[in-house]
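As structure tokens, the structure follows; a few thoughts come after it.
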Amino acid sequence: MGISNAVLISVYLFVSIVIFKSISSKIDMVQWKKNILGGLIGSIALFLYSLHFESSSSAEFFYLAISSILSFAFAKTMADKAKNTYKPFLDQNLTNVTDNDGARNLIEKTVALTVFIAPFLFMVNFFMQVLAMVFKGGDASVIAHMGTFGDFLGGTLGPVLMFATFVALLATIVLQLKENKETREELKKSSGAQVSQSEALEKSQFESTFFALLDQHNNALEKLQAAKLTHVSKHVFAAKSLDEAKQKLEENERFSGQYLRVLQQLLKFVDSNATNKQMYADLVRSFVGYEAAQLVAVHAYGDDDYKQLLEEYAFLQQMPFDGAGNQDALLNELAEDYFQPAAFGRTEASVEEVATEQ
């Protein structure tokens, strides 16, 4: 050839590096990636040269260099154009994945690498076919070399594409799992918000009904006071026994009946629906006067359910035990023989102590 193979290889590598540097300077890519690609291109070009080592010429070396550079330039151009297509697609389908997410970064790099390698290997194969026709003619050995090189490209490109598909599938599964987790968390938050809204609505509905009943209670109490509550109390506690006192209270139903029924229904409503039952029961008790509380105690006589409500909420804890007629004796009898100490706000106090304190 007139020039040693070492010199030809040196010239080839020099020309390849110069052309690659010129083209890569215009490509937006970090330097270490350019170095890797340059080395890859050089290695492939040397491999191509080795296939024709015995009959290579200086012209063939330059053709190999230019072919490698053109293959890289073509592949990079195609990859950049493809990016304009797949990048919006990835952004649209990876909306729930942050830029710092490893799965998203892996998918983007795998797609970018695949759309670069595929056209690069295709163009290298194309130029080598042209090279064989121009420099080797119909030499059977060249055709055999090209067949070997084609097998190399096919064997390389196939696993690359399969690997890229596997990586994309794996990353998609990871993203799907993450999205499912986020969906479950959102559903959980939504369910929690719905529960809170439901609880708030129930509380609002309860308070609306409670205060409506409380207004009825207060109106009934005003009517009872206007109808001579003291007179009713004296008539009831003139009785000689609790049974007689209960009967006399029923005889005055036209005066006290509405109030006593409204109060009983109000306490039942609080017991069945309130979250903080004691608070609402104390609020109701604050509107009940001393004389009314004494009538409530007589009204509960013989009604075990009502008796338990009064005991549970200590509804009679401020009720006085003294009064006209047999009032003190009847009330002490109620406290001693009928009600539990809890009705008067006591846990272990005797009825006599309660009465004495009053």
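The letter at position 8 of the sequence shown is residue 33 when you use the working numbering, and the numbering goes up by one with no holes. Cβ atoms here follow ideal geometry from the backbone N, Cα and C, with glycine treated the same way.
- Within the same chain, 316 come within 6 Å of residue 254 by CB-CB distance, once the 5 residues on both sides are set aside.
- Between residue 367 and residue 338, the alpha-carbon positions lie close to 8 Å from each other.
- Non-local beta-carbon contacts of residue 289 in its own chain, meaning distances under 7 Å to residues more than five positions away in sequence, involve 331 in chain order.
- The C-beta distance from residue 320 to residue 281 rounds to 6 Å, short enough to fall under 8 Å.
- By a beta-carbon distance limit of 8 Å, residue 100 contacts residue 141. Their separation comes to about 5 Å.
- Looking from the CA of residue 342, the closest CA among 358, 279, 322 and 130 belongs to 322.
- The continuous alpha helix (DSSP H) containing residue 298 extends over residues 278-298.
- The alpha carbon of residue 131 has as its nearest neighbour, out of 286, 105, 194 and 104, the alpha carbon of 194.
- Separation of residue 326 and residue 230 (C-alpha to C-alpha, rounded to the nearest whole angstrom) is 32 Å.
- A direct Cα-to-Cα measurement between residue 261 and residue 270 gives close to 5 Å.
- With fewer than 16 neighbouring CB atoms inside 10 Å of its own CB, residue 311 falls in the exposed class.
- Residue 357: member of the alpha helix (DSSP H) spanning 352-362, first to last residue.
- Residue burial is scored here from C-beta neighbours: residue 201 has fewer than 16 other C-beta atoms within 10 angstroms and is therefore classed as exposed.
- DSSP, reduced to helix, strand and coil, places residue 339 outside both helices and strands of the structure shown, so it counts as coil.
- Residue 331 carries a helical assignment under DSSP once its states are collapsed to helix, strand and coil.
- Contact between residue 355 and residue 267 holds, since their C-beta atoms are separated by about 6 Å, short of 8 Å.
- Spanning the alpha carbons of residue 241 and residue 308 requires a straight line of approximately 14 Å.
- Nearest C-alpha to residue 147 among 369, 190, 92 and 112: 92.
- Contiguous alpha helix (DSSP H) elements confined to the region 233-264 occur at 254-261, taking only those with 4 or more residues.
- Under the three-state reduction of DSSP output, residue 312 falls in the coil class, being neither helix nor strand.
- In this structure residue 243 does not touch residue 257 by the C-beta definition: roughly 18 Å separates them, more than the 8 Å allowed.
- Excluding five sequence positions before and after residue 306, the CB atoms of its chain that fall closer than 6 Å to its own CB belong to 295 and 338, given in chain order.
- Residue environment analysis places residue 220 among the exposed positions, since fewer than 16 neighbouring C-beta atoms fall within 10 angstroms of its C-beta.
- Taking a 10 Å sphere around the C-beta of residue 344, we find 16 or more other C-beta atoms and assign the residue as buried.
- Contact between residue 108 and residue 143 does not hold, since the beta-carbon distance rounds to 14 Å and is not under 8 Å.
- Residues 260, 261 and 264 of the same chain have their beta carbon placed closer than 7 Å to that of residue 273, with the five preceding and five following residues left out of the count.
- The Cβ-Cβ distance between residue 245 and residue 283 falls below 8 Å.
- In the three-state reduction of the DSSP assignment, residue 225 falls in the helix class.
- As the crow flies, the alpha-carbon of residue 291 is around 11 Å from that of residue 299.
- Pairing residue 216 with residue 145 gives a Cβ-Cβ distance that is not under 8 Å.
- DSSP places residue 370 outside both helix and strand once states are collapsed to three, so it counts as coil.
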